[in-house]
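The opening position of the sequence shown corresponds to residue 0 in numbering that gives the first Met the number 0, with each subsequent residue numbered one higher. Below: the structure, in structure tokens.
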Amino acid sequence: MATVYRSKIGIELVVLLAAGMTPGFITALADDKNNDPELPWILGGVFVLIIALMTSTRYKIDGNLLRIYVLVFQYRPIDINTITGIKETNNPLSAPAASLDRLEIKHGTKSILVSPKDKQGFIASLQRINPNINYTG
């Protein structure tokens, strides 16, 4: 049976998103001569899309595969037996992670950043399948 872990949603990313979009909303709504009446709708749509991306991010352990989903998109599955290490990080690079409280998963010659809400349960589930995974807290 597959186990699903939801991404943690970091307040720091929500605040950054709100701070970045607020000036555009204020400008669009306060402009008496609003030459672009669609702008608030466009900004609102972008905001809703970003929130949907953040709230739909999940990590599914399905047999020996780690599957990562964002909305309806799926990243290439990772064979858990190829994972060599997991370490905690706050790396801000773009990743399927809705928080800066992240884990870097090294597999083969690649790595990916994730941010499961239940980090310890997620790591334990991976280590049950591959006890050779080295975790650096």
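Glycine included, each C-beta is placed from N, C-alpha and C at the ideal position. Fair warning: this is a prediction, and the values are worked out from it, not measured in the lab.
What are the residues that DSSP puts in a beta bridge with residue i?
i: Thr56; result: Thr56 is not bridged to any residue.
i: Val45; result: Val45 pairs with nothing; no bridge assigned.
i: Pro95; result: Paired residue(s): none; Pro95 is not in a bridge.
i: Lys7; result: DSSP output for Lys7 lists no bridge partner at all.
i: Phe72; result: Val69
For residue i, which option in the options has the closest C-alpha, if you only look at C-alpha atoms?
i: Asn196; options: Thr135, Ala94, Ser124 and Gly19; result: Nothing can be reported for residue 196, as the shown portion of the chain is limited to 0 through 136.
i: Ala73; options: Gly43, Gly9, Asp117 and Pro95; result: As written in the sequence, residue 73 is Gln, which differs from the Ala given in the question. Cα-wise, what sits closest to Gln73 is Pro95.
i: Thr83; options: Ile60, Lys109 and Pro76; result: Lys109
Are residue i and residue j close, meaning C-beta to C-beta below 9 Å?
i: Leu112; j: Leu92; result: yes
Residue i lies in the alpha helix (DSSP H); which residues open and close that run?
i: Gly120; result: Lys118 to Ile128
What is the residue span of the beta strand (DSSP E) that residue i lies within?
i: Ser110; result: Lys109 to Val113
i: Gly62; result: First-last for Gly62: undefined, no H or E at that position.
i: Gly177; result: There is simply no residue 177 to check, as the chain begins at 0 and stops at 136 in what is shown.
Expressed to the nearest angstrom, what Euclidean distance is found between the alpha-carbon atoms of residue i and residue j?
i: Pro130; j: Gly9; result: 29 Å
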